[in-house]
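Protein chains in written order, with my numbering: chain A, 444 to 692; chain B, 444 to 692.
No residue lacks a Cβ here, since even glycine has one placed at the ideal position from N, Cα and C.
Since the structure comes first, as structure tokens, the remarks are kept for the end.
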């Protein structure tokens with residue numbers, strides 16, 4: 444990308460799935476334009492995002508945000524974007540086996556993200572939380588008791604079996620260096636701690652490597668600067684990870 | 444894979460997510476062993492599957508089935524398996540752009556598969572349908588009215604914008620030849636027609652290219668032979684796509 448910054452298309456008011464892409468771009472110090480958060484007067488903002496999403500000129504239209512535009516390439520699906528960016532940002536190993544495994548972990552993170560979302564929207568994304576609260580209480584209970592421990596134990600096992608983890612400052616999911624999957628697991632854990640502080644706190648006690656990865660990524664030099672900046676959006680009750688006290692226990 | 448057949452690990456009684464992998468292997472005429480459907484006396488069957496899934500020796504353990512084993516490589520996540528198999532089976536284009544786009548479509552298919560599953564299990568996978576039937580009625584209604592048309596219209600648009608579709612015998616999602624995404628869309632539509640015959644019938648009338656792709660794949664020579672064989676498992680009420688009359692309309 445000589446001279447041409449990446450364009451990231453995502454809704455401007457929530458971290459959401461866009462944040463998984465942002466973390467990789469920020470950690471690598473890559474140049475990018477966060478289109479929907481730009482100035483409408485300068486042809487950016489939400490209208491620009493909607494224009495690209497609905498344009499009949501896009502031969503290969505993405506189904507939803509986030510979308511990455513790199514020159515002529517328009518890429519949707521968070522995991523596909525990271526598959527593309529990984530090698531370009533130095534956030535994945537060189538071998539096919541490492542790349543596949545990193546991607547596989549990312550896809551499992553994506554599955555858990557979808558399940559975390561459905562705790563507050565088990566019936567329909569188009570309805571308000573208040574209109575599906577009764578169902579949300581049931582689904583969140585299953586999530587806390589069954590899914591959250593199961594997923595976190597799997598991440599812990601992955602970290603435990605990674606033989607390269609003896610030497611690193613904090614555990615990595617794949618090989619001996621930071622990958623986009625590490626950044627995504629950080630974001631997932633961060634969101635879970637926000638949405639389900641009690642349940643996540645309990646589960647992390649039994650997943651010390653996951654907790655250490657979360658702390659390690661938080662201290663990453665470029666990311667620490669990013670987290671302190673205005674570019675980092677706070678979790679809120681319009682996003683994937685929402686803090687509704689009644690859903691935690 | 445000189446001499447070594449692929450090993451597919453998936454539950455033996457449902458087509459489920461394993462079928463998306465099977466279709467690609469079958470269409471390409473690849474040699475594979477369907478481990479859990481093999482003879483326990485010969486070291487196969489479900490015990491063999493569970494042994495591989497739970498073995499502490501697997502350095503990179505998959506979270507769930509389906510799993511593909513190719514020599515030393517153990518790959519989980521349906522979309523990651525197809526990403527790996529695509530080039531090896533001649534079921535994806537050669538360029539990075541084609542491969543990414545095919546994968547992006549596959550990931551969107553995977554999203555819809557998960558939503559189709561959640562119509563009958565909106566609260567918890569571990570509970571019976573009967574224990575979440577009330578919630579299922581609500582979720583299935585939203586799926587039929589909002590999600591099913593939205594996804595199918597997107598696939599229709601993808602087929603419509605593929606400029607290479609004038610010449611092929613039936614429409615393809617990517618470029619001028621059959622890809623694993625075409626096979627997956629066939630399977631998705633097949634499952635939806637089984638689970639929601641009324642709603643899917645209506646939606647397909649407005650998505651004639653999707654319907655034509657489904658019919659075209661059904662007539663694929665190697666696949667037609669497969670569909671007529673015992674290897675093809677029928678949809679049933681333990682799988683992802685279930686026919687509960689009360690959920691269709």
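The three-state secondary structure of residue 500(A), taken from DSSP, is coil. Excluding its 5 nearest sequence neighbours in each direction, residue 524(A) has C-beta neighbours in its own chain below 7 Å: 464, 509, 511, 518, listed in chain order. CA-CA distance, residue 561(A) to residue 567(A), rounds to 9 Å. Residue-level contact check: residue 552(A) does not touch chain B, since none of the beta carbons of chain B fall below 8 Å from its beta carbon.
Residue 513(A) sits in a strand when the DSSP states are folded into three classes. Taking 9 Å as the Cβ-Cβ cut-off, the stretch 565-584 of chain A approaches chain B at 565, 566, 567, 568, 569, 570, 575, 577, 578, 581, 582, 584, given in chain order.
Around the beta carbon of residue 475(B), 16 or more other beta carbons sit within 10 angstroms, so the residue counts as buried. For the pair of segments examined, the stretch 492-499 of chain B was found not to touch the stretch 672-691 of chain A: the number of CB pairs separated by less than 8 Å stays below three. Runs of the alpha helix (DSSP H) lying entirely within the stretch 551-616 of chain B and spanning at least 4 residues, in chain order: 576-585, 591-604.
With 16 or more other Cβ atoms from the protein chains shown falling within 10 Å of its own Cβ, residue 545(A) counts as buried. Listed in chain order, the non-local C-beta contacts of residue 616(B) below 6 Å within the same chain comprise 548, 601, 624, 625, local neighbours out to five positions each way being set aside. For residue 686(B), the nearest beta carbon of chain A is not closer than 8 Å to its own beta carbon.
Taking one beta carbon from each stretch, the stretch 446-456 of chain B and the stretch 472-486 of chain B have 3 or more pairs nearer than 8 Å; the two touch. The Cβ atoms of residue 528(A) and residue 540(B) lie no closer than 8 Å to each other. Contact of residue 518(A) with chain B is assigned, a C-beta pair being separated by under 8 Å.
Within the same chain, 546 come within 7 Å of residue 526(B) by CB-CB distance, once the 5 residues on both sides are set aside.
In this structure, residue 479(B) sits near residue 492(B), with a CB-CB distance shorter than 8 Å.
Chain order gives the chain B residues near residue 543(A) as 516, 518, 523, 526, 527, where near means a beta carbon separation below 8 Å. By a beta-carbon distance limit of 8 Å, residue 506(B) contacts residue 551(A). Their separation comes to about 5 Å.
The Cβ atoms of residue 639(A) and residue 587(A) sit closer than 8 Å to each other. A distance below 8 Å separates the beta carbons of residue 659(A) and residue 612(A). For residue 596(A), no Cβ of chain B is located within less than 8 Å of the residue's own Cβ. With contacts defined as CB atoms closer than 8 Å, residue 590(A) and residue 614(A) fail to qualify as a contacting pair. When Cβ-Cβ separations below 8 Å define contact, residue 615(B) makes no contact with chain A. Shown in chain order are the members of the stretch 496-511 of chain B whose Cβ falls below 9 Å from a Cβ of chain A: 499, 501, 502, 503, 504, 505, 506, 507. For residue 546(B), a Cβ of chain A is located within less than 8 Å of the residue's own Cβ.
CA-to-CA, the gap between residue 489(A) and residue 461(A) works out to about 14 Å.
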